Every structure is written in C-alpha cells, then in structure tokens.
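Novice: The structure is given below, and queries will be raised subsequently.
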Amino acid sequence: IDYDSLSYVQTPPDSLFCPVCRALLTTPLQTKMCNHVFCARCISRALSDKLECPIDRTPMRRGMEDCSPAPRLLESLVDELLVYCPFKVHGCPVTVSRGLLKYHIRDACDYVLVPCANPQCDKFSFRKDIAAITDTADSALDELDDKLTCAHTTTVCEHCGDEVLESAKESHLDECSALSHTCTYCTSEFSAVDMAGHRLICLEEPVNCSAHSLGCTWHEKRIAQPAHEASCIFNSLRPYLAAQDAKLAALQLENASLRERVTAFEQLPINQGIEPVLEISSEYERDRAYLFQQLEQTGTHIENLSNAIASLETRQAHVMMNESLRNKDELAMLRGGLQAMRLQFHHFLQQTR
Numbered sequence: 001i002d003y004d005s006l007s008y009v010q011t012p013p014d015s016l017f018c019p020v021c022r023a024l025l026t027t028p029l030q031t032k033m034c035n036h037v038f039c040a041r042c043i044s045r046a047l048s049d050k051l052e053c054p055i056d057r058t059p060m061r062r063g064m065e066d067c068s069p070a071p072r073l074l075e076s077l078v079d080e081l082l083v084y085c086p087f088k089v090h091g092c093p094v095t096v097s098r099g100l101l102k103y104h105i106r107d108a109c110d111y112v113l114v115p116c117a118n119p120q121c122d123k124f125s126f127r128k129d130i131a132a133i134t135d136t137a138d139s140a141l142d143e144l145d146d147k148l149t150c151a152h153t154t155t156v157c158e159h160c161g162d163e164v165l166e167s168a169k170e171s172h173l174d175e176c177s178a179l180s181h182t183c184t185y186c187t188s189e190f191s192a193v194d195m196a197g198h199r200l201i202c203l204e205e206p207v208n209c210s211a212h213s214l215g216c217t218w219h220e221k222r223i224a225q226p227a228h229e230a231s232c233i234f235n236s237l238r239p240y241l242a243a244q245d246a247k248l249a250a251l252q253l254e255n256a257s258l259r260e261r262v263t264a265f266e267q268l269p270i271n272q273g274i275e276p277v278l279e280i281s282s283e284y285e286r287d288r289a290y291l292f293q294q295l296e297q298t299g300t301h302i303e304n305l306s307n308a309i310a311s312l313e314t315r316q317a318h319v320m321m322n323e324s325l326r327n328k329d330e331l332a333m334l335r336g337g338l339q340a341m342r343l344q345f346h347h348f349l350q351q352t353r
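In full-length UniProt numbering, the protein residues as written are 1 to 353.
Rendered as structure tokens:
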C-alpha cells in the first residue's frame, strides 16, 4: 500500500506529519535528546548523512541508538484517520481507518484484482466479479471443479445477441437494448437503456421532499414537488440546518478524538512521564563530562605551547648575546688595527718632511 498517496476524509493535523518528508508519520521514532518525531526511514537517511537532529542540529553521535519508538498514542492517532479506499477510482465507496486499510484490501474490497477462481484461467478480475468463492481449500477437487465458474467465460445474450461476460450477464439485462420495460407509474414503455433516465424525470412517480432528511413528511407525485418546496418551511431552513449539522459532526469527531487521547493517557503508567526526563538528564551529564574532558585537554595543549615558546625565547636570547659579544670583540680588533695604521701613517709623514 502506498500510504503517501492516500486520500483522507478530513485533512489530518500538522502534528501528525513528518517534518522531513511532509507525509503522515510511518513507523514514527522520537529523538531522545530533543523529542522530535520522524518517520523511521527519514531519520535513518538523515543520520546517515550527518549525526544531528534535522530540526535543531542537536548532536546524535550514536546515530539510531539516540532514537526510541514514539509514544503509542501518536501511532494510534495516525491509524485512526479515515481514508478512502485506494480502489475508489474503480468504484469502491468504502471509507476505513488507516490502520485497518490493509485488511479491507486483503479480505473485503470488491474492486481488488484477484486471480480467477478457475485454476485453468490465468486472468484477473475484480473480486466482486468472481463467480465462485475462493476460500475452498478444504473442498474436494471434484466438488471444486463443479462449483468453480470462470469469470472470464463469455456468453451470448438471448435478446440482443451481444457477447457478454458470464459474470456480467445479469447486469447486462438492465441495459439490454432489445428489452423494453413499462414504467410502473405512467405506463409508458422504454428500452432498458432509457428506463433509468426516465425514472429520474417521471412526473407520476411519488417522491419525497428534498428536505425529507430534515423532517418533512411530504410524499406525492413529482409533478407537484416544485409547488410544495416553494412553501415548505423545512426547505427554507435547509442551508442553515445543513451548516449546523456540519458543525455538529466536526465537534463530535473532535470530541471522540479527545476522549481517545484522555483514555490513552489514563492507561499510561504513572512513572512513565519521568523516565524520558531521567534518560535525557543522563545524556546531558555525559555530554557535559565530554566537554570538560575536551577543555582539560585544550588547557594542557595551551600550557605545553606556552612552555615551548618560553624555552624558544630563552635560547634566542642566548644566541643573540653570544653573537653580540663576538661582534664586540671583532669591532675592538678593527679599532686597534685602525689605530696602529694611523700611528704608522703619522710616522711616515714626519720622516718625509
């Protein structure tokens, strides 16, 4: 069943939708740290990309281990939503709760394609068109051959000569063009095809007032219906009463939902509300211890760097001091040599005079 494509009788509340896929929750899981709820497949896919909550980025370092099943009440609310049968397009008029839909399709829906009851036929047909009951596993094989009739066997209509399916033989009589029917009320004759349309407009047929569901007891020929409805007090109040009925139905549905929630809460154990809080508190304690450990390691690294920098500065000062002393000695030697050259040059000048 493709649950994402189901049509709902009433629009579900936003709180029942997954914040990732924006579809109704399927196998809901709840994060232990921040209590957000997601579909199991959605949170699994999100955590495979990044270990954090998709909504508030809360770290989830243990992945799926940081998730737990959502409260059973939430899944019950989703399962109790009324949906239309997926085979409504084929004619199924049933509305059923979401949780019972798979059983309706498996066991009861008349518009599901099922194998033909005849074991020699490999075709499929609607369940309603299968002539024999399929639950005959305990029957003898000879009885099975006698009872089962292939739904795809064709026959010829004895009135119009058209070829029709055996399973549709009786319904064909209602629309056979060769048969004529007499109207019970006006005694006019029509073909089977036209009779259905005539019944909708026959002026002699007794009908109820259009406000019959509101309490009007008028039941006369259709020809007198317009004059009656023009003066019918129930008919004039019908728009207002219909609006009130819609509001009442909505309130009854809301009241039933609230009663179910209260009942579910009353059945919960008293200490169930504190256990998630204690679990979350322990998670925070583990995170705080982890952060303290990281801070201590960072402080140790900073202290080691400070010691290394101080040692480097000391070595650099010694190197500069040694280099300065060597430069000072070389400068003294240069000054001594320059003084000796000056004395020799002065002595040379005195001799030349």
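Every residue gets a Cβ at the ideal spot worked out from N, C-alpha and C, and that includes glycine.
Predicted, not measured: the structure shown is a model, and the values here were computed from it.
Among Gly99, Leu214, Asp174, whose alpha-carbon lies nearest the alpha-carbon of Gly197?
Specialist: Asp174
Novice: In chain order, what residues of the same chain have a beta carbon less than 8 Å from the beta carbon of Glu52, not counting five sequence neighbours either side?
Specialist: Thr58, Pro59, Met60
Novice: Straight-line CA distance for Thr184 to Ala178?
Specialist: 19 Å
Novice: Going by beta-carbon coordinates alone, are Ser68 and Gln120 separated by less than 8 Å?
Specialist: No, they are not a contact pair.
Novice: Would you kindly work out how many angstroms separate the C-alpha atoms of Lys221 and Leu203, rounded to a whole number?
Specialist: C-alpha of Lys221 to C-alpha of Leu203: approximately 6 Å in a straight line.
Novice: Do you know offhand how far Glu189's Cα is from Gly215's?
Specialist: A direct Cα-Cα distance of roughly 35 Å separates Glu189 from Gly215.
Novice: Who pairs with Phe17 in a beta bridge, going by DSSP?
Specialist: Leu24
Novice: Checking the sheet assignment: what are the DSSP bridge partners for His172?
Specialist: Answer by DSSP bridge pairing: none, since His172 is not bridged.
Novice: Looking at C-alpha atoms only, which residue of His172, Leu200, Glu205 is the closest neighbour of Thr187?
Specialist: Glu205
Novice: What three-state label does DSSP hand His159 in the structure shown?
Specialist: Coil.
Novice: State the Cα-Cα distance for the pair Ile133 and Ala117, rounded to the nearest angstrom.
Specialist: Interpretation of Ile133 is limited by its pLDDT of 41, a score under 50 that renders its predicted location unreliable; no figure is taken from the coordinates.
Novice: According to DSSP, simplified to helix, strand and coil, what is Thr134?
Specialist: Note on Thr134: pLDDT 46, under 50, position unreliable in the model; the coordinate value appears next. Residue state, collapsed to three classes: coil.
Novice: Could you pull out every unbroken alpha helix (DSSP H) segment of at least 4 residues lying fully inside the stretch 66-132, listed in chain order?
Specialist: 72-79
Novice: Answer yes or no: do Val164 and Thr154 have a C-beta to C-beta separation smaller than 8 Å?
Specialist: yes
Novice: Can you tell me which of Arg127, Ala192, Ile302 puts its alpha carbon nearest to the alpha carbon of His159?
Specialist: Ala192
Novice: Could you tell me how far apart the beta carbons of Val9 and Phe38 are, in whole angstroms, since I believe they sit closer than 8 Å?
Specialist: About 25 Å; that fails the 8 Å criterion.
Novice: Have a look at Arg342 and Glu330 and give me their C-alpha separation to the nearest angstrom.
Specialist: 18 Å
Novice: Counting along the chain, where does the alpha helix (DSSP H) carrying His198 start and finish?
Specialist: DSSP places His198 in the uninterrupted alpha helix (DSSP H) bounded by 192-199.
Novice: From Cys209 to Ala23, what does the alpha carbon distance come to, in whole angstroms?
Specialist: Approximately 44 Å, taken between the alpha carbons.
Novice: What are the boundary residues of the beta strand (DSSP E) that Cys39 is part of?
Specialist: Boundaries of the beta strand (DSSP E) harbouring Cys39: 37-39, taken from the DSSP string.
Novice: In this structure, what does DSSP give as the bridge partners for Leu295?
Specialist: BP columns for Leu295 are empty, so no partner.
Novice: By Cβ distance below 8 Å, which residues in the same chain neighbour Leu16 in space, the five residues on each side in sequence not counted?
Specialist: Leu24, Leu25, Leu74, Leu77, Val78, Leu81
Novice: Specify, as a first and last residue, the run of the beta strand (DSSP E) that Cys180 falls within.
Specialist: Note on identity: in this sequence residue 180 is Ser, with Cys being the wrong assignment. Counting along the chain, the beta strand (DSSP E) containing Ser180 begins and ends at 180-182.
Novice: Roughly how many whole angstroms lie between the Cα atoms of Phe348 and Gln339?
Specialist: 14 Å
Novice: Going by DSSP, what residue range makes up the alpha helix (DSSP H) through His228?
Specialist: In the DSSP annotation of this structure, the continuous segment of the alpha helix (DSSP H) that includes His228 starts and ends at 225-231.
Novice: Please classify Ala70 as buried or exposed, where buried requires at least 16 other C-beta atoms within 10 Å of its C-beta.
Specialist: Counting the other Cβ atoms within 10 Å of the Cβ of Ala70 gives 16 or more, which makes it buried.
Novice: Whose CA, out of Pro54, Ile201, Asp49, Lys328, lies closest to the CA of Cys34?
Specialist: From the listed residues Pro54, Ile201, Asp49, Lys328, the smallest Cα separation to Cys34 is found for Pro54.
Novice: What residue range is occupied by the uninterrupted beta strand (DSSP E) comprising residue 406?
Specialist: Not covered by the structure: residue 406. The range shown for the chain is 1 to 353.
Novice: Is it buried or exposed for Arg62, if we count other Cβ within 10 angstroms and need 16 for buried?
Specialist: exposed
Novice: What are the boundary residues of the beta strand (DSSP E) that Val207 is part of?
Specialist: Its beta strand (DSSP E) spans residues 206-208.
Novice: Please confirm whether Lys123 and Asp110 have their CB atoms less than 8 Å apart.
Specialist: no
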